[in-house]
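K.L.:
Encoded as C-alpha cells, here's the structure I'll be asking about.
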Amino acid sequence: MRYTLSRSLVIERSWPVFLDLTVAMGLLAGFYAVLQIARYWLSGAVPEVDISQSPTMLPLYAFYSCVRIGVAYLLSLLFAVGYGYLAAYNKRVEALMIATLDILQSIPVLSFLPGVMLAMMSLIPSRQLGIEFGAILLIFTGQVWNMAFSFYSSLKSIPRELQEACTINRFSRWQRLWQLELPYATIGLVWNSMVSVAGGWFFLMVCEMFPVGSRNFRLPGLGSYLQTAASTGNTLAMTYGLITMIAIIVMTDQLVWRPVIDWSDKFKFENVEAADRVKSPVLAALRQSNVLGVIHQRTFAPLSEQLYRSIALRRQRQEKSQAQNQKKSNSAVTIILIILLAGVICFAAFKAILLLRLVPRSDFGTLLEGAVTTFFRVNISLLLAAAWTIPTGVAIGFNPKLARIAQPLAQIAASFPATALFPVILLGLMKLGAGLGVGSIALMMLGTQWYILFNVIAGAMAIPSEMREVAQLFHFTSVQRWTTVILPGIFPFLITGLVTASGGAWNASIIAEYFHLKDKTLHTLGLGAQISAASDAGNFPLLLLATIIMALMVVTINRLVWRPLYKLAETKYRLD
C-alpha cells in the first residue's frame with residue numbers, strides 16, 4: 001500500500017516536469033524549423049527541382065508542404081477576418097464584396113496560376129522566396145473563401161441582445177471584435193479551417209508542380225512527390241506518399257484540431273453546458289504546463305490589459321469635434337482610395353479588352369456551350385452531396401462519441417487528393433459504359449461535399465443544448481425536430497457550406513473535365529476543360545475570356561439565389 005502511494009506521488013510530481021520539457025522541446029523544434037525554412041527561402045531561385053522518388057526524402061518534402069499549407073492558412077485566417085468584418089459592417093459595399101468573394105472562390109486555381117507565379121518571380125527574381133510565395137498564394141486561393149464566408153455569416157447572425165450589451169458597456173471596435181465577434185464565430189471558423197486545410201492538401205499536387213506556358217515549375221514537396229509518382233506509374237512511391245500524408249493529417253487532428261474543438265466549445269451560445277462534448281487529452285495536458293502558464297502571465301495577459309487600458313483612455317480623451325474631423329478625414333481618404341481603385345480597374349479592363357480581341361469569334365459559342373454544361377454538372381454534384389452530408393453532419397454534431405471517430409476520418413477523406421483516386425474511378429466508370437462526363441460529377445463531389453459536411457457539423461454543434469432538450473422533453477417527432485430545431489439551427493451554416501461547395505465545384509471543374517491519364521489527356525465538353533486546355537497551351541486570351549464567363553455566371557447565381565438565402569438566414573433563422 002505504501003509502495004503504491006509513493007509511486008503515484010512520484011508520477012504526480014514528475015508529470016508537470018515532463019509536460020514542461022515537452023513544451024520546451026516543441027518550442028526549440030519550432031525555432032529550428034523557422035531557421036531552416038528561412039535558409040531555404042533566401043537561397044537562390046530554382047524553379048524546376050528534380051523530385052526524388054526515394055522514401056527517405058519524404059520527411060523533408062512533407063515538411064516543406066506543411067510549411068506552405070500552414071503559412072497559407074495563417075494568411076487565409078487574417079484575410080477572412082478582415083474581409084468578413086468589412087463586408088458585414090459596411091452597407092455600401094456589402095453586396096459588392098460578397099459577390100466578389102463568390103467570384104473569387106469560383107475562379108479555378110489555374111486562372112490565378114500564371115499571373116501569380118510571374119508576378120512573384122518578377123518581384124523577387126533572385127530568391128527562392130518568390131517561387132515559394134507564389135505557391136503559397138495559390139494554396140491560399142484554395143483555402144480562404146469558405147473561411148471568409150463563415151466569418152461574415154457569423155457576424156450577420158449575432159444575437160441582438162449581445163450586440164446591445166456591447167453598446168451599453170461602450171465597447172470599442174477592438175473590444176467587440178475580441179470579446180464578442182471572434183468568440184461567436186469561433187465554432188464556424190474552426191470547422192471551416194479544417195476543411196480549408198483539407199482543401200490545401202487537395203490542391204497541393206496542382207500548386208507544387210505545374211506548367212506556365214513553356215516553363216515548368218516544380219517545387220520540393222509532398223504534392224510534387226505524389227504527382228511525379230503518378231506520372232511515372234510508380235505505385236510503391238505513391239503508396240508511401242499517401243501513407244505519409246495520412247499520417248500528417250491524423251497527427252494534425254490529434255495535436256491541433258481536437259484541442260481547438262475542445263477549446264472552442266466554451267464559446268457555444270447556451271445557458272446550460274452540454275453534458276457530452278468533444279474532449280482532448282492534449283489540451284488538458286497543455287493547461288497543466290507551467291511553461292505555458294508563465295508565458296501567458298508574463299506576456300499575453302499584461303499586453304492585453306495594457307491594450308484595453310490604452311483604448312479606454314483614448315476613448316475618454318476623444319473630443320466630439322475631433323471625432324467629426326476624423327470622420328471628414330476618413331471620408332476624404334475613402335474618396336481618394338475609391339478614385340485610385342477605379343483607375344486601376346479601368347486600366348485593367350482596358351488591357352483585358354485588348355487581350356480579348358485576340359480570341360476568335362468561333363470560340364465564343366464553344367465557351368458558352370461549355371459553361372452551360374458545367375453549370376448543370378455543378379448543380380447535380382451539389383444536390384447529390386447535400387443529400388448525404390446534411391443528415392451525416394447532424395448526426396456527427398449531435399453525438400460527441402461519433403465525432404471522435406468520424407472527425408479524423410472525414411479530414412483524411414477531405415484531404416485525400418482525389419486526382420490520385422480519380423484514375424481508378426474513371427477506369428471503373430469506363431468499364432460500366434460511362435465516360436468523363438459522368439466521372440467529372442464524381443470528382444466534383446469528391447472535392448466539394450466536405451464544405452457542406454463540415455459546416456453542417458459546426459451548425460449542429462452550435463445549436464444550444466437547451467433547444468435539443470426541450471424537443472426531447474416535449475417528445476417531438478423526427479419531422480418536428482428537423483423542421484423546428486435542426487434545420488433552422490443549422491441554416492446559416494448550411495448556406496455557407498452550399499455557397500462554398502458551389503464555388504468549389506466550379507473550381508474543381510478544371511481537374512474534373514480535363515484529366516491527364518498516363519500518356520493520354522481525357523477531356524469532355526465544359527468550361528473547366530477549356531480553362532485547363534488554355535492554361536496548358538499558354539493561351540492567355542482564351543483563359544481570360546473563359547474566366548470572365550465563369551465569373552458572370554457566378555455573379556448571376558449569387559444575385560438570384562445566395563443573397564436572398566443569406567438575407568433569410570440573417571433575419572429569420574438567428575438565435576435571438
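In the UniProt record's numbering, the protein residues as written are 1 to 576. For glycine and all other residues, C-beta sits at the position ideal for the given N, C-alpha and C.
#1: Grouping DSSP H, G and I as helix and E and B as strand, with all else coil, what is residue 401?
#2: Please confirm whether residue 494 and residue 539 have their CB atoms less than 9 Å apart.
#3: Span of the beta strand (DSSP E) holding residue 522?
#4: Rounded to whole angstroms, what's the CA-CA distance from residue 368 to residue 159? Just pull it up for me.
#5: Give me the Cα-Cα distance between residue 205 and residue 230, rounded to the nearest whole angstrom.
#6: Report buried or exposed for residue 30, applying the criterion of at least 16 other Cβ atoms within 10 angstroms of its Cβ.
#7: Alpha carbon to alpha carbon, how far is residue 191 from residue 394?
#8: Straight-line CA distance for residue 408 to residue 242?
#9: Check whether the Cβ atoms of residue 150 and residue 80 sit closer than 9 Å, and answer yes or no.
#10: So, helix, strand or coil for residue 324, using DSSP?
#11: In whole angstroms, what separates the C-alpha of residue 59 from that of residue 221?
#12: Got a sec? Which residues, its chain only, sit under 7 Å from residue 597 by beta carbon, not counting five neighbours each side?
#13: To the nearest angstrom, report how far apart residue 465 and residue 92 are at their CA atoms.
#14: Count the other CB atoms, across all protein chains shown, that sit within 10 Å of the CB of residue 32; report buried if there are 16 or more and exposed otherwise.
#15: Assuming residue 453 and residue 389 form a contact by the criterion Cβ under 8 Å, report the distance between their Cβ atoms to the nearest whole angstrom.
#16: Only counting runs of 3 or more residues, tell me where the beta strand (DSSP E) segments fall wholly within the region 461 to 531, in order along the chain.
#17: Taking residue 188 as the reference, which of 50, 497, 401 has the closest Cα?
#18: Beta-carbon separation of residue 203 and residue 142 under 9 Å?
#19: Might you give, ordered along the chain, the residues of its own chain that have their beta carbon closer than 6 Å to the beta carbon of residue 83, omitting 5 neighbours on each side?
#20: Could you check whether the Cβ of residue 513 sits closer than 9 Å to any Cβ belonging to chain D?
#21: Can you list, in chain order, the residues of its chain whose CB lies under 8 Å from that of residue 329, leaving out five sequence neighbours each side?
#22: Round the Cβ separation of residue 40 and residue 87 to the nearest angstrom and send it over; I've been treating them as touching at under 8 Å.
#23: Just reading off the alpha helix (DSSP H) that residue 564 is part of, what are its end residues?
#24: Could you check the C-alpha separation between residue 460 and residue 119 for me, to the nearest Å?
#25: For residue 5 and residue 52, what's the separation of their Cα atoms in angstroms?
#26: Counting only the same chain and skipping the five closest in sequence on each side, list residues whose C-beta sits under 7 Å from that of residue 445.
#27: Give me the residue from 373, 225, 532 with the minimum Cα distance to residue 49.
#28: So the candidates are 268, 534, 237, 502; which of them puts its Cα closest to the Cα of residue 54?
#29: Leaving aside the five residues before and after residue 156 along the sequence, list all residues of the same chain whose C-beta is less than 6 Å from its C-beta, in chain order.
#30: Taking the straight line between their C-alpha atoms, what separation do you get for residue 162 and residue 411?
#31: Which residues in the same chain as residue 37 place their Cβ atom closer than 6 Å to its Cβ, once the five residues preceding and following it in sequence are excluded?
#32: Ordered along the chain, which non-local residues of its own chain (more than five positions away) have a Cβ less than 8 Å from that of residue 253?
#33: Please report the Cβ distance between residue 138 and residue 359, rounded to the nearest whole angstrom; I am assuming they are in contact, meaning their Cβ atoms lie under 8 Å.
#34: Under 9 Å, do residue 457 and residue 397 count as touching if we go by C-beta distance?
#35: Any idea what DSSP makes of residue 216, helix, strand or coil?
#36: Alpha carbon to alpha carbon, how far is residue 392 from residue 402? Give it in angstroms, no decimals.
P.N.:
According to the structure data:
#1: Mapped onto the sequence shown, residue 401 falls at position 401. If DSSP states are grouped into helix, strand and coil, residue 401 belongs with the helices.
#2: What you label residue 494 is simply residue 494 of the sequence shown in a count that begins at 1. What you label residue 539 is simply residue 539 of the sequence shown in a count that begins at 1. No, these two residues do not count as a Cβ contact at 9 Å.
#3: For the purposes of this step, residue 522 is taken as residue 522 along the sequence shown, with counting starting at 1. Unbroken beta strand (DSSP E) run through residue 522: 520 to 523.
#4: Numbered from its first residue, the sequence shown carries residue 368 at position 368. Numbered from its first residue, the sequence shown carries residue 159 at position 159. About 44 Å.
#5: Working through the sequence shown from its first residue, we reach residue 205 at position 205. Working through the sequence shown from its first residue, we reach residue 230 at position 230. Their backbone Cα atoms lie some 10 Å apart in a straight line.
#6: Here residue 30 is taken as the residue at index 30 of the sequence shown, counted from 1. That one is exposed.
#7: Within the sequence shown, the letter at position 191 stands for residue 191. Within the sequence shown, the letter at position 394 stands for residue 394. C-alpha separation (whole angstroms): 14 Å.
#8: Within the sequence shown, residue 408 is the residue found at index 408, counting from 1. Within the sequence shown, residue 242 is the residue found at index 242, counting from 1. C-alpha separation (whole angstroms): 15 Å.
#9: As a working mapping, residue 150 is identified with position 150 in the sequence shown. As a working mapping, residue 80 is identified with position 80 in the sequence shown. In this structure, residue 80 lies closer than 9 Å to residue 150 by Cβ.
#10: Walking along the sequence shown from the start, residue 324 turns up at place 324. Confidence at residue 324 is low in this model, with a pLDDT of 49, below 50, so the placement of that residue is unreliable and no value is reported for it.
#11: In the sequence shown, counting from the first residue as 1, residue 59 sits at position 59. In the sequence shown, counting from the first residue as 1, residue 221 sits at position 221. Those two C-alpha atoms are separated by around 9 Å.
#12: Coverage of the chain is limited to positions 1 through 576, which leaves residue 597 absent and any answer about it impossible.
#13: By one-based count along the sequence shown, residue 465 stands at place 465. By one-based count along the sequence shown, residue 92 stands at place 92. Their Cα atoms are separated by approximately 37 Å.
#14: Within the sequence shown, the letter at position 32 stands for residue 32. Classification for residue 32: exposed.
#15: Along the sequence shown, one-based indexing puts residue 453 at 453. Along the sequence shown, one-based indexing puts residue 389 at 389. With 8 Å as the limit, residue 453 and residue 389 qualify as a contact, their Cβ atoms being about 4 Å apart.
#16: 514 to 517, 520 to 523
#17: In the sequence shown, the residue the question calls residue 188 occupies position 188. When only C-alpha atoms are compared, the closest one is 497.
#18: Within the sequence shown, residue 203 is the residue found at index 203, counting from 1. Within the sequence shown, residue 142 is the residue found at index 142, counting from 1. Going by C-beta atoms, residue 203 is nearer than 9 Å to residue 142.
#19: Numbered from its first residue, the sequence shown carries residue 83 at position 83. Result list for residue 83: 148, in chain order.
#20: The structure shown contains no chain D; it is built from a single protein chain.
#21: Reading the sequence shown from its first residue, position 329 is the one you call residue 329. Low confidence applies to residue 329: its pLDDT is 49, below 50, so where it sits in the model is not reliable, and the reading given next is rough at best. Excluding sequence neighbours, residue 329 sits near nothing in its chain.
#22: Taking the sequence shown and counting its residues from 1, one reaches residue 40 at position 40. Taking the sequence shown and counting its residues from 1, one reaches residue 87 at position 87. With a Cβ gap of about 37 Å, residue 40 and residue 87 do not count as contacting.
#23: Within the sequence shown, the letter at position 564 stands for residue 564. Residue 564 -> alpha helix (DSSP H) spans 563 to 571.
#24: As a position in the sequence shown, residue 460 is number 460, starting the count at 1. As a position in the sequence shown, residue 119 is number 119, starting the count at 1. Their backbone Cα atoms lie some 43 Å apart in a straight line.
#25: Within the sequence shown, numbered from 1, the residue matching residue 5 stands at position 5. Within the sequence shown, numbered from 1, the residue matching residue 52 stands at position 52. Residue confidence for residue 5 is low, a pLDDT of 46 falling below 50, so the modelled location carries little weight and cannot support an answer.
#26: Within the sequence shown, residue 445 is the residue found at index 445, counting from 1. Within the same chain, residue 445 has close Cβ partners 381, 384, 385.
#27: In the sequence shown, residue 49 corresponds to position 49, counting from 1. Cα-wise, what sits closest to residue 49 is 225.
#28: On the sequence shown, residue 54 is found 54 positions in, with the first residue counted as 1. Closest option to residue 54, Cα to Cα, is 237.
#29: Along the sequence shown, one-based indexing puts residue 156 at 156. Excluding positions up to five away in sequence, the list reads 88, 570.
#30: As a working mapping, residue 162 is identified with position 162 in the sequence shown. As a working mapping, residue 411 is identified with position 411 in the sequence shown. Approximately 33 Å, taken between the alpha carbons.
#31: Within the sequence shown, residue 37 is the residue found at index 37, counting from 1. Result list for residue 37: 67, in chain order.
#32: Locating residue 253 in the sequence shown gives position 253, counting from the first residue. Correct list, in chain order: 407, 408, 411.
#33: Along the sequence shown, one-based indexing puts residue 138 at 138. Along the sequence shown, one-based indexing puts residue 359 at 359. Contact doesn't hold; Cβ gap of about 25 Å is too wide.
#34: Translated into the one-based positions of the sequence shown, residue 457 becomes position 457. Translated into the one-based positions of the sequence shown, residue 397 becomes position 397. For residue 457 and residue 397, yes; Cβs fall inside 9 Å.
#35: Numbered from 1 along the sequence shown, position 216 holds the residue referred to as residue 216. Three-state DSSP puts residue 216 in a strand.
#36: As a working mapping, residue 402 is identified with position 402 in the sequence shown. As a working mapping, residue 392 is identified with position 392 in the sequence shown. Spanning the two alpha carbons is a distance of roughly 10 Å.
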